[in-house]
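This report concerns only the one structure given below.
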Amino acid sequence: MNYNIAVIKGDGIGPEIVDEAIKVLDKVGEKFGHQFKYDHVLAGGIAIDEVGEALPQDTVSACKASDAVLLGAIGGWKWDDLPGDKRPETAILGLRKELNLFANLRPALLFDPLAEACPLKPEIVKGGLDIMVVRELTGGIYFGKRETRMTDKGEMAYDMEIYYDYEIERIARVAFDLAMKRNKKVTSVDKANVLDSSRLWRRVVAEVAKDYPEVELDNLYVDNAAMQLVHAPQKFDVVLTGNMFGDILSDEASQITGSLGMLSSASLTEGNFGLYEPSHGSAPKYAGLNVINPIATILSAAMMLRYTFELGEEADAVERAVEKTLSDGIRTRDIMGEGCTQVGTDEIGSAIAERI
Numbered sequence: 024m025n026y027n028i029a030v031i032k033g034d035g036i037g038p039e040i041v042d043e044a045i046k047v048l049d050k051v052g053e054k055f056g057h058q059f060k061y062d063h064v065l066a067g068g069i070a071i072d073e074v075g076e077a078l079p080q081d082t083v084s085a086c087k088a089s090d091a092v093l094l095g096a097i098g099g100w101k102w103d104d105l106p107g108d109k110r111p112e113t114a115i116l117g118l119r120k121e122l123n124l125f126a127n128l129r130p131a132l133l134f135d136p137l138a139e140a141c142p143l144k145p146e147i148v149k150g151g152l153d154i155m156v157v158r159e160l161t162g163g164i165y166f167g168k169r170e171t172r173m174t175d176k177g178e179m180a181y182d183m184e185i186y187y188d189y190e191i192e193r194i195a196r197v198a199f200d201l202a203m204k205r206n207k208k209v210t211s212v213d214k215a216n217v218l219d220s221s222r223l224w225r226r227v228v229a230e231v232a233k234d235y236p237e238v239e240l241d242n243l244y245v246d247n248a249a250m251q252l253v254h255a256p257q258k259f260d261v262v263l264t265g266n267m268f269g270d271i272l273s274d275e276a277s278q279i280t281g282s283l284g285m286l287s288s289a290s291l292t293e294g295n296f297g298l299y300e301p302s303h304g305s306a307p308k309y310a311g312l313n314v315i316n317p318i319a320t321i322l323s324a325a326m327m328l329r330y331t332f333e334l335g336e337e338a339d340a341v342e343r344a345v346e347k348t349l350s351d352g353i354r355t356r357d358i359m360g361e362g363c364t365q366v367g368t369d370e371i372g373s374a375i376a377e378r379i
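This is how it looks when you write it as structure tokens:
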């Protein structure tokens, strides 16, 4: 089979980690008889430098014409002085809007070889962890009306949290469908004791749950959910939540895996199309040093194989290769353990490719 992938390497460490993911995808193609064609396009800081805007229309068009998008990382200190609406990060929000990427999936998976890297007590994570955070991505406070202005009482600012029932319903169905393929439990996170938007969220999720009688639904306030993620993470299977709460909770969940360098991400729309990226930033001070962990990007590529291309066997092969590499003690410095061999970005990427 032939697949077309729009590739946005982005800024900072983005080019390095994307190169390793492509290396692994090419190995998958070689082994399983697929051909991946890459269309390299610009977004973020490098796009500002080269064409004067963070998200060129050519990039949007190329992404829409592709089967999937692979994104490295966007942003960096170089562009910190730009106005908010001109910064590199606007490309991310722009892509979500243009591609209607309303569902963000962030798995927090603790590989057995990395148990010692988890900051939680061993008895809390004994037996491993496998949590899927499902975050609504195109609504809520990040896309609501906002303003900063002077008043007679001084400068003021506001950001509006807005959700429509259809936005909640469609992300809830993504979460329940995933739960049906996992352990049949959804934990919906909101702040329904305070926020009207959360009360609507809870009502709509409850209605959707009626269509999935096999799935257990639990509701938690966001503050309790944050505590439970570190106190009893094994109680979670699929975590369903809104844009802002999901942003925070998915980063918290990432620390359970031992390193941000291990956390993959998928942003999906209706059908199979998706954008795949690691959950960490561009880390410009490490760019070009061959020290960054590319596994999050490689696992994001595995999610692409699974969710967009429906190549489950190939995705499993990548994930097994990652675990085998870690079991063999081949590690980047962020996940080093006793008796392990420290390698660089390209070496660990090659080691994973060799084990597919």
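Residues 24 to 379 (the working numbering) make up the sequence shown, in order. Where a beta carbon is used, it is the ideal one built from N, C-alpha and C, also for glycine. On a predicted model such as this, the values are computed, not experimentally measured, just so you know.
Here the alpha carbons of residue 379 and residue 347 stand approximately 9 Å from one another. Ranked by Cα distance from residue 271, the options 148, 43 and 165 are led by 165.
In the DSSP annotation of this structure, the continuous segment of the beta strand (DSSP E) that includes residue 299 starts and ends at 297-299. The stretch 43-53 and the stretch 351-359 do not touch, with fewer than 3 CB-CB distances between them shorter than 8 Å. In the same chain as residue 163, and ignoring 5 residues on each side of it, the C-beta atoms closer than 8 Å to its own belong to 184, 185, 186, 220, 265, 266 and 267, in chain order. A residue is called buried once 16 or more other Cβ atoms fall within 10 Å of its Cβ, and residue 255, having fewer, is exposed.
Judged by DSSP in its simplified three-state form, residue 216 adopts coil rather than helix or strand. Within the stretch 215-248, the complete alpha helix (DSSP H) runs of at least 4 residues fall at 219-232. In the three-state scheme derived from DSSP, where H, G and I count as helix and E and B as strand, residue 187 is classed as coil.
For residue 59, the uninterrupted beta strand (DSSP E) run begins and ends at 58-63, by DSSP. In this structure, residue 195 lies away from residue 245, with their beta-carbon atoms at least 8 Å apart. When secondary structure is reduced to three states using DSSP, residue 368 falls in the helix class.
Distance between residue 80 and residue 74, taken at the CA atoms: about 11 Å. According to the DSSP assignment, residue 27 belongs to the beta strand (DSSP E) that extends over 25-33.
Rounded to whole angstroms, residue 317 and residue 170 show a C-alpha spacing of 38 Å.
Residue burial is scored here from C-beta neighbours: residue 330 has at least 16 other C-beta atoms within 10 angstroms and is therefore classed as buried. DSSP places residue 174 inside the beta strand (DSSP E), whose first and last residues are 169-174. Here residue 64 is near residue 85, since their CB atoms are less than 8 Å apart. Ranking 181, 204 and 155 by CA distance to the CA of residue 258 puts 155 first. Annotation for residue 320: no beta strand (DSSP E) segment contains it, though the alpha helix (DSSP H) segment containing it runs 318-326. Excluding five sequence positions before and after residue 35, the CB atoms of its chain that fall closer than 7 Å to its own CB belong to 96, 99, 305, 306, 307 and 310, given in chain order. In this structure, DSSP gives residue 157 an extended state, which the three-state scheme calls strand.
Membership of residue 290 in the beta strand (DSSP E) is indicated by the continuous run 289-291. For the pair of segments examined, the stretch 127-139 was found not to touch the stretch 236-250: the number of CB pairs separated by less than 8 Å stays below three. In this structure, residue 297 sits away from residue 47, with a CB-CB distance that is not shorter than 8 Å. Residue pairing for residue 178: DSSP places it in a beta bridge opposite 173. The secondary-structure analysis by DSSP pairs residue 208 across a beta bridge with 239. DSSP places residue 41 in the helix class (H, G or I) of the three-state scheme. Nearest to residue 343 by C-alpha distance, out of 325, 294, 273 and 360, is 325. Each of 358, 292, 24 and 319 was checked against the Cα of residue 161, and the nearest Cα belongs to 292.
Of the other Cβ atoms in all chains shown, 16 or more fall within 10 Å of the Cβ of residue 260; this residue is therefore buried. Under the criterion of beta carbons closer than 8 Å, residue 288 and residue 302 qualify as touching, at roughly 5 Å. No Cβ-Cβ contact shorter than 8 Å links residue 204 with residue 238. Judged by their CB atoms, residue 27 and residue 62 are nearer to each other than the 8 Å cut-off. Residue 311 sits in coil when the DSSP states are folded into three classes, being neither helix nor strand. Within the same chain, and ignoring the five residues on either side of residue 269 in sequence, the residues whose Cβ sits closer than 7 Å to its Cβ are 127, 156, 158 and 159.
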